[in-house]
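A short worksheet on the structure shown next.
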Amino acid sequence: MRRLPVYLLLDTSGSMTGEPIEAVKNGVQVMISSLRQNPQAIETAFISIISFDSTAKQLVPLTDLASFQMVDIKASGTTNLGEALHLVATSIDNEVAKTTADQKGDWKPLVFIMTDGIPTDDWQKGLEEFKKRKTAYTVACAAGSNADTNVLKQITDNVVSLDTADSQSIAKFFTWVTASIGVTSTRVEDAGKEVTGLSELPPPPAELNIVV
Amino acid sequence: MMADAKKIVQVLFEANNIPIPPNRAAIFEQFIKKPGSEAVIRALLANQTELMEKWKLENRIMDIAQQPVRILNATVGKPYETWFDFDQLKWKDIAAFEFTGLEDIGLTFDPKTSQLSGVPAQSGDYKLLFRYRLQEEPEDAPYHEKVIPIIINPDPKSLWKKLDSNQQDPYWKEDDVTAFEPLGDRSILVSSKRGRSHANVGSFREDDFAFKALPGGWNIVVVADGAGSAKISRKGSALACNTVVEYFLDQPAVEGMAVFDELLKQYKTDNSEIQKKINQHVYNNLGKAALHVHKKLIAFAAEVSVPVKDLNTTLIFTLFKKYETGYALLSFGVGDCPIALLNKDVSEVTLMNWIDVGEFGGGTRFITMPEIFHDQKFATRFGFKVVEDFSYLIMMSDGIYDAKFVVEANLPNIKKWKEFLADLGGKNEDGISVALSTANPDIVSQFSAWMDFWSPGNHDDRTLAIVF
Chain A
1 MRRLPVYLLL DTSGSMTGEP IEAVKNGVQV MISSLRQNPQ AIETAFISII SFDSTAKQLV
61 PLTDLASFQM VDIKASGTTN LGEALHLVAT SIDNEVAKTT ADQKGDWKPL VFIMTDGIPT
121 DDWQKGLEEF KKRKTAYTVA CAAGSNADTN VLKQITDNVV SLDTADSQSI AKFFTWVTAS
181 IGVTSTRVED AGKEVTGLSE LPPPPAELNI VV
Chain B
213 MMADAKKIVQ VLFEANNIPI PPNRAAIFEQ FIKKPGSEAV IRALLANQTE LMEKWKLENR
273 IMDIAQQPVR ILNATVGKPY ETWFDFDQLK WKDIAAFEFT GLEDIGLTFD PKTSQLSGVP
333 AQSGDYKLLF RYRLQEEPED APYHEKVIPI IINPDPKSLW KKLDSNQQDP YWKEDDVTAF
393 EPLGDRSILV SSKRGRSHAN VGSFREDDFA FKALPGGWNI VVVADGAGSA KISRKGSALA
453 CNTVVEYFLD QPAVEGMAVF DELLKQYKTD NSEIQKKINQ HVYNNLGKAA LHVHKKLIAF
513 AAEVSVPVKD LNTTLIFTLF KKYETGYALL SFGVGDCPIA LLNKDVSEVT LMNWIDVGEF
573 GGGTRFITMP EIFHDQKFAT RFGFKVVEDF SYLIMMSDGI YDAKFVVEAN LPNIKKWKEF
633 LADLGGKNED GISVALSTAN PDIVSQFSAW MDFWSPGNHD DRTLAIVF
């Protein structure tokens with residue numbers, strides 16, 4: 001079966017302490033519960049969680065929705081986004097099956113990045129590595145006014161921003177991510193086609209500004 | 213004990229700003245040895261110990277409460293079992309325990325084996341309550357409580373809705389059709405079913421098929437798969453199937469096909485001259501039929517003012533005729549639907565066509581595309597085969613092919629076809645079998661039930677035609 005890999009890159013730096021990190025944790029939980037109710041998603045979508053602070057870690061390897069269990073995340077340290085981009089690149093190499101004569105490969109992965117700050121490492125190096133991998137689409141979310149949308153724009157064309165990194169806004173972002181994964185899994189299963197960009201995804205809620 | 217006692221009292225006094233100067237040290241020694249003092253110190257020490265034990269206990273309870281305990285997710289209707297390894301959890305100091313809230317979710321706990329098992333009946337994120345008492349506590353101490361989360365997934369099958377398609381739609385077709393009929397000197401068993409992904413949203417079946425005994429002893433079987441992305445491909449596939457049949461019912465086509473009788477009399481595999489003639493004739497007759505379908509779809513699109521791509525459909529068809537010496541089979545194909553011919557003892561498979569597949573899904577070709585006819589590869593879309601006999605002629609849409617053969621590389625493999633026939637014979641998860649025999653009175657209901665097989669990720673329309 002062709003899996004739909006979904007990578008969530010979550011900023012767990014010190015500035016996320018308190019309400020934001022709790023909202024992210026909750027957002028992922030609600031997202032998983034809700035996707036489990038979607039017949040296409042529960043079969044095709046596989047989720048991985050990568051956190052980045054002073055280092056990047058793959059907290060949950062690519063896991064099917066039925067077996068997925070959220071891990072505890074805590075906020076501390078700096079914002080090594082570049083390392084996270086590098087890690088998602090190698091995770092794609094290791095986890096996403098390629099199409100060969102004997103097997104149908106996985107669908108191209110979806111990557112969602114959420115950050116509330118400016119990268120503190122050599123992010124361009126990580127980006128260089130990430131760009132070598134094919135994704136169906138990558139969406140980056142700048143949570144609050146301290147995030148740099150210019151940096152994110154260099155990672156992907158699909159950048160959205162939240163005015164504040166409060167629990168309500170973060171929850172809205174995850175609701176939209178949920179809908180986007182749902183739409184993509186339905187589309188790959190029914191039409192056998194990948195979704196390629198923001199325009200094909202459900203319209204984002206009012207809290208989410210599309211950065212052009 | 214008294215050495216400790218001396219130190220403890222010293223520390224206590226110092227903490228309360230009562231220093232013991234060196235010149236009073238001897239008196240202090242005597243003071244703590246006095247019978248009255250000694251009893252108080254003993255009580256003091258005992259209380260201290262008790263307090264520390266109590267704190268330790270409190271800490272332990274907090275540790276257990278905060279200790280993450282993960283248990284496997286369960287799924288509704290699926291037998292579930294997991295073990296609590298008290299050693300691994302470092303819970304050896306638990307003297308007594310119980311689980312509550314298990315009955316509500318259909319699980320039971322066996323204390324002898326520490327096994328949690330059962331068949332969950334309801335999905336959701338639940339919290340199991342683990343109630344326990346530690347060894348250090350008296351037997352009548354109330355239990356402490358620890359919440360252990362458990363996720364119960366819904367049964368994926370239950371998530372698919374089955375909504376009727378709109379019968380008022382001008383291009384409506386039946387959601388499911390299964391038929392069994394004689395065809396020439398053989399029989400055809402065919403089924404076309406709306407996929408779960410379409411049933412889930414109440415949309416239409418986009419696959420279609422047709423078959424007919426034609427004048428002159430020829431028989432035709434057609435399968436078409438309307439594109440998921442095309443708005444009225446359900447009409448495209450229906451029109452394609454019916455148009456092919458109509459084409460071969462027409463007098464000029466009947467005459468064209470009659471020429472084969474003479475050609476096949478002369479047919480010998482080592483005679484390249486006559487082979488060439490036959491190939492030319494297959495190309496002419498079947499090619500014209502394909503082009504006729506193409507034109508008909510373009511004309512229909514114009515008539516109802518839609519772009520022709522809205523009718524996108526794949527198309528395969530096979531003509532076969534019984535001669536004294538054996539069977540002649542002719543075929544044409546555009547798209548990703550295979551046509552396979554299995555020899556008499558099912559030891560060999562002949563693929564009548566190659567299939568249009570891209571690296572990623574959606575790379576297929578449709579009969580609506582004009583470039584098909586201009587392409588160099590057009591001549592290779594035809595198949596011709598003369599055989600003494602055959603066991604099965606099998607045609608299918610990708611809804612069957614994707615689920616049962618997965619990749620193109622499996623199609624030439626006779627082992628896969630044997631597995632496929634065994635699957636039809638009941639070697640499947642649900643144990644549903646179809647006896648492929650004209651004497652089987654339940655063949656239609658059996659085949660219809662088999663067509664509903666469960667295959668994760670494969671919920672497209674399914675069409676399967678078997679001539680035997």
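Order-wise, the sequence lines are chains A and B. Going letter by letter, the first sequence gives residues 1 to 212 in this note's numbering. Going letter by letter, the second sequence gives residues 213 to 680 in this note's numbering. By construction, the Cβ of each residue, glycine as well, lies at the ideal position given by its N, Cα and C atoms.
Taking 8 Å as the cut-off between beta carbons, the residues of the stretch 357-377 of chain B near chain A are 363, 365, 366, 368, 371 and 372, in sequence order. One finds 40, 186, 189 and 190 in chain A with Cβ atoms closer than 8 Å to the Cβ of residue 409 of chain B, taken in chain order.
With respect to chain A, the C-beta atom of residue 316 of chain B has no partner C-beta closer than 8 Å.
With fewer than 16 other Cβ atoms inside 10 Å of its own Cβ, residue 274 of chain B counts as exposed. Contact annotation: the stretch 418-431 of chain B touches the stretch 520-539 of chain B, with at least three C-beta pairs closer than 8 Å.
The beta-carbon of residue 1 of chain A is placed less than 8 Å from the nearest beta-carbon of chain B.
One Cα belongs to residue 393 of chain B, the other to residue 380 of chain B, and the distance between them is close to 29 Å. Counting the other CB atoms within 10 Å of its CB gives residue 58 of chain A a total of 16 or more, which places it among the buried residues.
Between residue 593 of chain B and residue 544 of chain B, the C-beta spacing is below 8 Å.
For the stretch 604-626 of chain B, the set of positions with a beta-carbon nearer than 7 Å to some beta-carbon of chain A reads 618, 619 and 621 in chain order. The secondary-structure analysis by DSSP pairs residue 292 of chain B across a beta bridge with B:330. A Cβ-Cβ separation of about 7 Å places residue 65 of chain A in contact with residue 47 of chain A under the 8 Å criterion. Contacts with chain A at 8 Å (Cβ-Cβ) include residue 668 of chain B. Counting only Cβ-Cβ distances below 7 Å, residue 660 of chain B has no contacts in chain A at all, with the closest Cβ about 22 Å away. Identification of chain A residues near residue 337 of chain B by a Cβ-Cβ cut-off of 7 Å yields 33, ordered along the chain. Comparing C-alpha distances from residue 362 of chain B to each of A:70, A:35 and A:1 shows the shortest one belongs to A:70. The continuous alpha helix (DSSP H) containing residue 485 of chain B extends over residues 484-515. The shortest C-alpha to C-alpha distance from residue 149 of chain A to any of A:136, A:163 and A:137 is the one to A:163. Excluding its 5 nearest sequence neighbours in each direction, residue 389 of chain B has C-beta neighbours in its own chain below 6 Å: 404, listed in chain order. Under the 8 Å Cβ criterion, the stretch 527-540 of chain B counts as touching the stretch 426-446 of chain B, having at least three qualifying pairs. Each residue's CA atom was taken as its position, placing residue 276 of chain B and residue 73 of chain A some 19 Å apart. As computed with DSSP, residue 430 of chain B is found in a beta bridge with B:533. Listed in chain order, the positions of the stretch 424-453 of chain B with a beta carbon within less than 7 Å of a beta carbon of chain A are 440 and 441.
Contact annotation: in the stretch 116-137 of chain A, no residue has its CB less than 9 Å from a CB in chain B. DSSP places residue 104 of chain A in no beta strand (DSSP E); its state is neither H nor E. If you look at residue 630 of chain B, you'll find it isn't in any beta strand (DSSP E); it sits in the alpha helix (DSSP H) that goes 626-636. The way I'd put it, the stretch 83-99 of chain A does touch the stretch 7-14 of chain A; three or more beta-carbon pairs between them come closer than 8 Å. Closer than 8 Å to the CB of residue 406 of chain B there is not a single CB belonging to chain A.
In the DSSP annotation of this structure, the continuous segment of the beta strand (DSSP E) that includes residue 599 of chain B starts and ends at 594-599. Less than 8 Å divides the Cβ of residue 155 of chain A from the Cβ of residue 113 of chain A.
DSSP, reduced to helix, strand and coil, places residue 86 of chain A within a helical segment of the structure shown. For residue 650 of chain B, the closest alpha carbon among the candidates B:680, B:610 and B:662 is that of B:680. As a beta-bridge residue in DSSP terms, residue 344 of chain B pairs with B:309 and B:356.
DSSP lists no bridge partner for residue 559 of chain B. For residue 466 of chain B, the enclosing alpha helix (DSSP H) has its first and last residue at 463-477. By the neighbour-count criterion, in which 16 or more other beta carbons inside 10 Å mark a residue as buried, residue 447 of chain B falls on the buried side.
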